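Trainee:
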Amino acid sequence: MEVIRTISEMQRISKQLKLEGKQIGYVATMGSFHEGHLNLMQNAKTENDIAITSIFINPLQFGPSEDYEKYPRDESKDIKQAEQAGIHYLFLPDVKEMYPVKSLIDMHIQGRTEVLCGKSRPGHFDGVITVLTKLFHIILPDRAYFGLKDAQQVAVVDALLNDLNFPIELIGVPTTREADGLAKSSRNIFLDNRERQEATWLYKSLQFGQELVVDGMNIPAIIEKEVHDYLSIHISGRVDYVELLSYPELKPIAKIEGTIILAVAVHFNQARLIDNILLTAKGEKINRLD
Ligand code: AMP
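When we follow the numbering used here, the leftmost residue of the sequence shown carries the number 91, and every step to the right adds one.
1. Report all residues from its chain with a CB closer than 8 Å to the CB of LYS372; omit the five preceding and five following residues, and keep chain order.
2. For ALA118, is the beta carbon positioned less than 7 Å from some heavy atom of the ligand AMP?
3. Does DSSP put THR119 in a helix, in a strand, or in coil?
4. Could you tell me which residues DSSP puts in a beta bridge with ASN366?
5. Do HIS357 and ASP319 count as a contact pair if the criterion is CB distance below 8 Å?
6. So what does VAL329 bridge to, in DSSP terms?
7. Which residue wins for smallest C-alpha separation from ILE312, given the options SER322, ILE323, PRO162, GLY299?
8. In the DSSP assignment, find the beta strand (DSSP E) that holds LEU251 and state where it starts and stops.
9. Alpha carbon to alpha carbon, how far is SER276 from PHE123?
10. Quick one: is the Cβ of GLU268 within less than 7 Å of any heavy atom of the ligand ZN?
11. Please name the residue, chosen from LEU292, GLN101, ILE309, MET307, that lies closest to SER41 on a Cα-to-Cα basis.
12. What number of angstroms, rounded off, separates the C-alpha of VAL332 from the C-alpha of ARG102?
13. Check whether the Cβ of ALA273 lies closer than 7 Å to any heavy atom of the ligand AMP, and answer yes or no.
14. Whole-angstrom Cβ separation of ILE261 and ARG233, contact assumed at under 8 Å?
15. Between ILE199 and ALA249, which are expected to be in contact by the criterion C-beta below 8 Å, what is the C-beta distance as a whole number of angstroms?
16. Whose C-alpha, out of TYR235, LEU238, ASP184, SER193, is nearest the C-alpha of ASP216?
17. Excluding the 5 residues preceding and the 5 following PRO310 in the sequence, name in chain order all residues of the same chain whose CB lies nearer than 6 Å to its CB.
18. Starting from LEU296, trace the beta strand (DSSP E) in both directions and tell me its first and last residue.
19. With a threshold of 6 Å on Cβ separation, who are the neighbours of TYR116 within its own chain once the five nearest residues in sequence on each side are excluded?
20. With a threshold of 7 Å (Cβ to nearest heavy atom), would VAL263 be considered close to the ligand AMP?
21. Using the Cα positions of PHE226 and LEU109, report the straight-line distance between them to the nearest angstrom.
22. Classify PRO342 as helix, strand or coil using the three-state DSSP reduction.
23. Assess, as a yes-or-no matter, whether the stretch 174-190 is touched by the stretch 124-143 under the definition of 3 or more beta carbon pairs within less than 8 Å.
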């Protein structure tokens, strides 16, 4: 595996790979790898000739009161893990390399963001689409792999690729979970013991909501309320949202139809956790999007 730190070198390699007719699979990350990241890399590796991963903690996507400074960083461990995962190139630019001057172009996404995490993280997805546009131009991927753990991000990337005609196939990869169902996240290390136990109720509450859909409950507002009540009695943290929306449009719906997302977010003391499931109108789980 080669570690690349400059845009010029990464772009030179990507262009050469394209000239050779190689298919590039790409995984964008903020590092602190866990099995979720490694699974994305595995998918990128098995479905393409070349697998490229980037680690960049993008300041633009963190709000002023968010955890940019304390976001976990472990570069040397990440490099080892990416190498073991069989990644060919690891792109590791620093902030000055990615943003040498203040950009003259401001990117703004106006749909799919006024709900879920977009509501409580204004500007977050503008930061995401800005950095991804740059990274896609640097890496030149054929396929980009994103985790469905961050399903709103997948919906936003879907809009970015469609609206701006990026010739990139988007793959939404299933959420990797701990044995007790908790979605793996770099932020789980911020939970204390009690919160770690309680955090299992995020996924349990989603499964509870799924059962309601399977049983024929088709009024989203009732499902949201039932899931909210179920979740809040089991945790000491504050429920940020429980939302049931169409997917990937992320619009409120009057009744259950088409593909839907049921998503939850909880504020614990030192971490805000999210989770979601994608379902058909009959309540069958949708695991992968491609
Ligand atoms: P991050 O480093 O948190 O920005 O995540 C990088 C990529 O890994 C994103 O596409 C995330 O959706 C994905 N990811 C993070 N956690 C998980 C997980 N538990 N299962 C699947 N994908 C994940």
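Note that beta-carbon positions come from the ideal geometry of N, C-alpha and C, so glycine has one too.
These figures come from a predicted structure and were not determined experimentally.
Mentor: Checking against the coordinates, here is how it stands:
1. Same-chain partners within the cutoff: VAL303, VAL304.
2. Within the cutoff, so yes.
3. The answer is strand: DSSP assigns THR119 an E or B state.
4. BP columns for ASN366 point to ALA353.
5. Cβ atoms of ASP319 and HIS357: not closer than 8 Å.
6. According to DSSP, residue pairing for VAL329 in a beta bridge involves VAL356.
7. Scanning SER322, ILE323, PRO162, GLY299 for the CA closest to the CA of ILE312 turns up GLY299.
8. Note, LEU251: premise wrong, no beta strand (DSSP E); alpha helix (DSSP H) at 241-253.
9. The straight-line gap from Cα to Cα measures roughly 7 Å.
10. Annotation note on the ligand ZN: not contained in the displayed structure, which lists the ligand AMP as its ligands.
11. The requested residue 41 is not part of the displayed model; the chain covers only 91 to 380.
12. Going by the C-alpha atoms only, they are around 45 Å apart.
13. Indeed, a heavy atom of the ligand AMP lies less than 7 Å from the Cβ.
14. Right, their Cβ atoms sit about 6 Å apart.
15. Their Cβ separation, rounded to whole angstroms, is 6 Å, which keeps ILE199 and ALA249 in contact under 8 Å.
16. The shortest C-alpha to C-alpha distance from ASP216 to any of TYR235, LEU238, ASP184, SER193 is the one to SER193.
17. Cβ within range, chain order: LEU334, ILE343.
18. From DSSP, LEU296 is part of no beta strand (DSSP E) but of the alpha helix (DSSP H) over 290-304.
19. Setting aside the 5 residues that flank it on each side, TYR116 is surrounded in the same chain by ILE142, ILE229, PRO231, ALA234, each with a C-beta closer than 6 Å to its C-beta; the list follows chain order.
20. Answer for VAL263: yes, Cβ within range of the ligand AMP.
21. Per the coordinates, the alpha-carbon of PHE226 lies some 17 Å from the alpha-carbon of LEU109.
22. The DSSP-derived three-state label of PRO342 is strand.
23. Touching, yes, given that three or more Cβ pairs across the two stretches are closer than 8 Å.
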